[in-house]
Amino acid sequence: MASLWEYANPKKFIDTTDKVLPWVSVLAVLCLATGLIWGFFFTPDDFRQGSTVKIIYLHVPSALMAINAWIMMLVASLIWVVRRHHVSALAARAAAPVGVVMTVIALATGAIWGQPMWGTWWAWDPRLTSFLILFLFYLGYIALWEAIENDDTAADLTSILCIVGSVFALLSRYAVLFWNQGLHQGASLSLDKEENVADVFYFPLLVCIAGFVFLFIALVFLRTQTEIRARRMRALLARDRMEA
Amino acid sequence: MPELGKYAEAVLSSYAVSLVLLIALVVFSWRRSVRVKNALKDVERKRKSDA
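Residue numbers (our numbering), protein chains in the order written: chain E, 7 to 250; chain P, -6 to 44.
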């Protein structure tokens, strides 16, 4: 059986992801189209939230992916720190813009939902605040990669930033449980049947979550390939300059 | 179109914002991928012809 570390070879990574990428992309489009059409057109209004319950199909998956993207970046950064595989550092770099877009969607849809339901666009609630800080960490992470010319130094420093920021990724997930206060309700998805959303909303929500996960994987594969090629190009141009 | 009632603006703007952001992310990622792939090919071709 092939070792996971074989994929740390840039060529092997590109060859493998080239084969997988079309399938993951098709799955992403199918799941997103099915889940969003099902949720938007074929689910009833909630007895308390009215039609704003339809925002759940965008808000919950994007918030989940915003947190999980950072966790993925944390794992990739730790692999870079321990084993110095360039592909892992570049995968973390590739995931950051995807994560930041997911965070913006979660914050925007949350604010749009909050205005009619809570009577305010924003509250300094533990979950909302930790999510905003996570968004700022994303921006800082991307800016740090862009600011440092040497790829290895950038990977080292961004890995440290990612480890620090993971505190806020976890806080934004568990803030409701830690503080048990604020406007934000508990998790929409739970193993406890009492806390979980009703089945009529639950199944289209699961399909939307699957769509967001596949979209994230497809984008990270595509963007990591791009980062690998960009890094090779920088290395070749630098070698040419030295030889000239 | 489902009946969205008084919350139509909130629901539709949520979908509009999210879909625009997701499509922009996909298009930007795809275009950059094509651009970098072609640029790398050019650099490699040039190096091969120089060698």
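Beta carbons are placed, not taken as given, at the ideal position from N, Cα and C, and that holds for glycine.
{"query": "Using only the alpha-carbon positions, how far apart do M239 (chain E) and N31 (chain P) sit?", "result": "11 Å"}
{"query": "With distance defined between alpha-carbon atoms, name the residue in E:A224, E:F209 and E:L167 nearest to V87 (chain E).", "result": "E:L167"}
{"query": "Below 8 Å on C-beta distance, what does S6 (chain P) contact in chain E?", "result": "I118"}
{"query": "What's the C-alpha gap between W11 (chain E) and F47 (chain E)?", "result": "45 Å"}
{"query": "For chain E, find out if any of its Cβ atoms is closer than 8 Å to the Cβ of R38 (chain P); answer yes or no.", "result": "no"}
{"query": "Would you mind working out which of E:A161, E:F222, E:F220 and E:A95 sits nearest A14 (chain E), comparing C-alpha positions?", "result": "E:A95"}
{"query": "By Cβ distance below 6 Å, which residues in the same chain neighbour P67 (chain E) in space, the five residues on each side in sequence not counted?", "result": "C214, I215 and F218"}
{"query": "Quick one: which unbroken alpha helix (DSSP H) runs of 4-plus residues sit fully inside the segment 137 to 188 of chain E? Chain order, please.", "result": "157 to 185"}
{"query": "Given V26 (chain E), which residues of its chain have a CB within under 8 Å of its CB, disregarding the five upstream and five downstream residues?", "result": "F227"}
{"query": "Give the residues of chain E in contact with K30 (chain P), contact being defined as C-beta atoms less than 7 Å apart.", "result": "R235"}
{"query": "Scan the segment 57 to 91 of chain E and note each continuous beta strand (DSSP E) run of 3 residues or more that stays entirely inside, going in chain order.", "result": "none"}
{"query": "What does a CB cutoff of less than 7 Å around Q121 (chain E) pick up in its chain, not counting 5 residues either side in sequence?", "result": "W127"}
{"query": "In whole angstroms, what separates the C-alpha of T164 (chain E) from that of W119 (chain E)?", "result": "33 Å"}
{"query": "Going along chain E, which residues have a C-beta under 7 Å from R25 (chain P)?", "result": "T232"}
{"query": "Buried or exposed: where does V20 (chain P) fall if 16 or more other Cβ atoms within 10 Å of its Cβ makes it buried?", "result": "exposed"}
{"query": "Tell me whether D52 (chain E) sits in a helix, a strand or coil according to DSSP, three-state version.", "result": "strand"}
{"query": "Between which two residues does the alpha helix (DSSP H) harbouring M239 (chain E) extend?", "result": "D205 to E249"}
{"query": "Using the beta-carbon of each residue, which ones in chain P are nearer than 7 Å to G56 (chain E)?", "result": "G(-2) and Y0"}
{"query": "Excluding the five sequence neighbours on either side, which residues of its own chain have a C-beta within less than 7 Å of the C-beta of V206 (chain E), listed in chain order?", "result": "T49 and P50"}
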